[in-house]
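Protein chains in written order, with my numbering: chain A, 30 to 334; chain B, 246 to 569.
Using N, Cα and C, we set each Cβ at its ideal position, and we do this for glycine too.
See structure below.
Here it is as C-alpha cells:
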C-alpha cells in the first residue's frame, strides 16, 4: 500500500512534467496552428542552461531562474528567425522544418557542451525526504516539482483567462486578421506566445535536470508522451492537457510498477516476466487508442475548432 | 503533359538508374566494398521512402511512424531466424503479413482522424512498437540482436554474396516503383488521389474512401516491411533504433527531398539524403571545428530551407528546369 502511494506520487510528478511540455505544445498549436517538433529541444536546452548557470552561480535557484529567462529568449529568437516563416504552411512543412531544427539543436548542443552530458546537483535542503502520510516518505524535491508545476498551471490559467494579454491570445486564436485589424501587434503577440511555450518547456527541463542526466536527445522520447497527452486531452485545450497529463502519468507509472507482477499471477512466471514489460510500455498507447475510438477529437476538444 | 520523354528530369532519372545498375562493377573495380554497402542501404531505404510516398505523396496521409514497419519486418525476420527458421520462403511472407496486420490495426485507428492528429498518432503507435522491441529481452532488448544467418532460398540465391544482394535489392526497388506507378494510375489510385483533394466529394460519388485509404495504408506498410527484411539481412543485425522516430523523420525527408507525389522522387531523395549524410560526416576541420562531427548544424537548416522554399523537392527543381 505504501509502495502504491509512492508510485501514485511518482505518477503525478510525471504528469506534471508532461503537462508543462504539453501546455506549450498545445498553446502553440491552438494559437498559431503550428506543429512544433523542436519543443523537446527547448526542454533539453532548458536543462543544459540550468546545469551551466547553476554551476556558475553556485545556486540552484539562481541557475534555474537564469535558465528560464535564457530559454524564453532562445524561444523568441527561434520564432523570429525561423518559426515565423512556417505559419500558414502545411503541417507537413512544420514537421519537416522543425525536424530540421531538432537535428540542428542536437548537434549545436553537442558542439557547445560536448557529448558527455551533465549533472545538476540538488541543493542540500532538497535532498531530504518528507513524510507525506504516516509512514510514507517522499523525496522533497519531487514534491517541489509537483507544487511548482501546480503554481505554474494556475498562473497560466490566470494569464490566459483573466488578463488582457490572455484575451488577445484567445482572440488571436479565433480570428487573426480581426485582432490585427484592431491595431494589436499580432506578430509580437505570436513571438511572446512562442517564447512562453519555450519557457514552459525549459521549465520542465530544468526541473527534471537534477533527477536525470542532462544529455543530448533527452527531449525526444518525452516529447512523444506529450503528444499522446495532447491527443488524449484534445489539441488546443490546456485544461485537456492538464487532465490527460495526470491520467497518462499515473497510468504509465503504475502500469510499469505493477503490471509485470500482475501478469505473473495470471500466466506462468516466465511468460509474465517477458510479456509484463512489453505490455506496460504499450499501456498508454492502448489508452490513446481507446480514447480515439470513442472520441477522435480528444477528451476536451477545444471549442473553437 | 508533354509528349516528349526527353526532359531534364527523365534524363536525370535514366542516368541515375544507369549509375545504380553499374555501381557494383565500379566498386569492385576500385576495390571499395564500403561503397557497395552504402548503396545497398540507399536502395533499401529508398524502397521504404517509396512506400511512404505512396500514402503521403499520393494519399495525403502523412505517416510519421513509417520506421515501425522497417523494424517490424526486420524483427519478424530476425526472430524467425533466431528460432531456427532460416528459409526466406517462410520468413519473408511472414514478415510482410505481420507488417500488413500492424498497418491494418494502426490504419483503422489513425484514419478515424485527420491532419495533425494523424501525424501524431502514427508517431505514437510507432513509438509503441519501439518500446515493445526494447522490452523483448529474449531478442536482445535495448541492445538488439545479431542475426547469424541471412535468409536462405534453397540454393537459388545466396544473399551472402554482396553483389548479388545488391542486385536483388535493386530489382525489388524497381519492382516497388513499378507497383506504385501501376497503383496510382489505376482506378484505385485515382480514388486515393481524389480523396486527398476532396474526401467528401469522393464519398458523395459513392466510393467508400475509408476502405480505399486503409487498403493503401496496408499496402504501404507491407512494402515498407519488405525493406525492413532487406535491411536486417543487409546489416545482419536488428535493434530497436531502426524504428526510432528520428528514422521515421529521415524517411519523410527522403520522400519530400526527392519529390513527393512523384513515382521515382523518393528514390532520388534517398540517394541525395544518404549521400549528403555520408558526405557531411566527412567534412574536414575548419577553424578548429570538426564540422564532420556535427552534420546537424548543416543538415538541419537545409531541411528547414527545403520545407520553406523547395516543396517540389529535387524532382520539382528538375521539372522546373524545362519550364523555366
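| Check | Outcome |
| --- | --- |
| C-alpha distance - residue 334 (chain A) paired with residue 532 (chain B), whole-angstrom precision | In this predicted model, residue 334 (chain A) has a pLDDT of only 41, less than 50, meaning its place in the structure is not dependable; the value taken from the coordinates is given anyway. Distance between the alpha carbons of residue 334 (chain A) and residue 532 (chain B): 51 Å. |
| For residue 535 (chain B): DSSP bridge partner residues | B:530 |
| Chain B contacts from the region 288 to 314 of chain A (Cβ-Cβ distance under 9 Å) | 302, 303, 304, 305, 306, 307, 308, 309, 310, 311, 313 and 314 |
| Where residue 162 (chain A) sits in the DSSP three-state scheme | strand |
| Under 8 Å (Cβ pairs) to chain A, residues found in the region 359 to 386 of chain B | 360, 361, 362, 364, 365, 366, 368, 369, 370, 372, 373, 376, 377, 379, 380, 381, 382 and 383 |
| Interface residues of the region 204 to 222 of chain A facing chain B [CB-CB below 9 Å] | none |
| C-beta neighbour in chain B for residue 389 (chain A), strict 8 Å | Here chain A has residues from 30 to 334 only, and residue 389 (chain A) is not among them. |
| Residue environment, residue 396 (chain B), which counts as buried when at least 16 other CB atoms sit within 10 Å | buried |
| Same chain, Cβ closer than 7 Å to residue 286 (chain A), neighbours up to 5 away in sequence not counted | 36 |
| Member of B:257, B:293 and B:305 whose CA lies at the smallest distance from the CA of residue 438 (chain B) | B:305 |
| For residue 195 (chain A), the first and last residue of its enclosing alpha helix (DSSP H) | 193 to 203 |
| heavy atom of the ligand SAM below 7 Å from residue 470 (chain B) C-beta | In the structure on display, the ligand SAM does not appear, and there are no ligands present to speak of. |
| 7 Å Cβ cut-off: residues of chain A touching residue 309 (chain B) | 124 |
| Members of the region 256 to 277 of chain A that neighbour chain B once the beta carbon cut-off is set at 7 Å | 256, 257, 260 and 264 |
| Proximity winner among B:498, B:268, B:274 and B:377, relative to residue 311 (chain A) (alpha-carbon distances) | B:377 |
| Chain B contacts made by the region 114 to 141 of chain A, where a contact means CB separation under 9 Å | 114, 115, 118, 119, 120, 121, 122, 123, 124, 125, 126, 127, 128, 129, 130, 131, 132, 133, 134, 135, 136, 137, 139 and 140 |
| Among A:124, A:138 and A:176, nearest to residue 243 (chain A) - alpha-carbon criterion | A:138 |
| Euclidean distance between Cα positions of residue 241 (chain A) and residue 148 (chain A) | 8 Å |
| Run of the alpha helix (DSSP H) containing residue 73 (chain A), from where it starts to where it stops | 68 to 86 |
| Residues that residue 245 (chain A) contacts on chain B, provided the C-beta gap is smaller than 8 Å | Correct list: empty, because the minimum Cβ distance to chain B is about 10 Å. |
| Cut-off 7 Å between Cβ atoms - residues of its own chain near residue 34 (chain A), not counting five sequence neighbours on either side | 162 and 165 |
| Beta-carbon proximity of residue 543 (chain B) to residue 525 (chain B), cut-off 8 Å | yes |
| Residue environment, residue 569 (chain B), which counts as buried when at least 16 other CB atoms sit within 10 Å | In this prediction, residue 569 (chain B) scores a pLDDT of 44, lower than 50, which makes its location untrustworthy; no coordinate-derived value is stated. |
| Helix, strand or coil at residue 557 (chain B) according to DSSP, with G and I counted as helix | coil |
| Chain B contact for residue 45 (chain A) (CB, 8 Å cutoff) | no |
| Any 3 or more C-beta pairs closer than 8 Å across the region 271 to 280 of chain B and the region 442 to 462 of chain B | no |
| Bounding residues of the alpha helix (DSSP H) (the contiguous stretch that carries residue 122 (chain A)) | 120 to 142 |
| Under 9 Å by beta carbon: chain A residues contacting residue 544 (chain B) | 129, 132, 133 and 136 |
| CB contact below 8 Å: residue 485 (chain B) versus chain A | no |
| Neighbourhood of residue 294 (chain B) by C-beta, 8 Å cutoff - its chain only, sequence neighbours within 5 removed | 496, 499, 500, 503, 511, 512, 514 and 515 |
| Own chain partners of residue 398 (chain B) with C-beta closer than 8 Å, once the 5 adjacent residues on each side are dropped | 332, 333, 334 and 404 |
| Same chain only: Cβ atoms within 8 Å of residue 335 (chain A), ignoring 5 sequence neighbours per side | Any question about residue 335 (chain A) goes unanswered here, given that chain A covers just 30 to 334. |
| Same chain only: Cβ atoms within 7 Å of residue 260 (chain A), ignoring 5 sequence neighbours per side | 317 and 327 |
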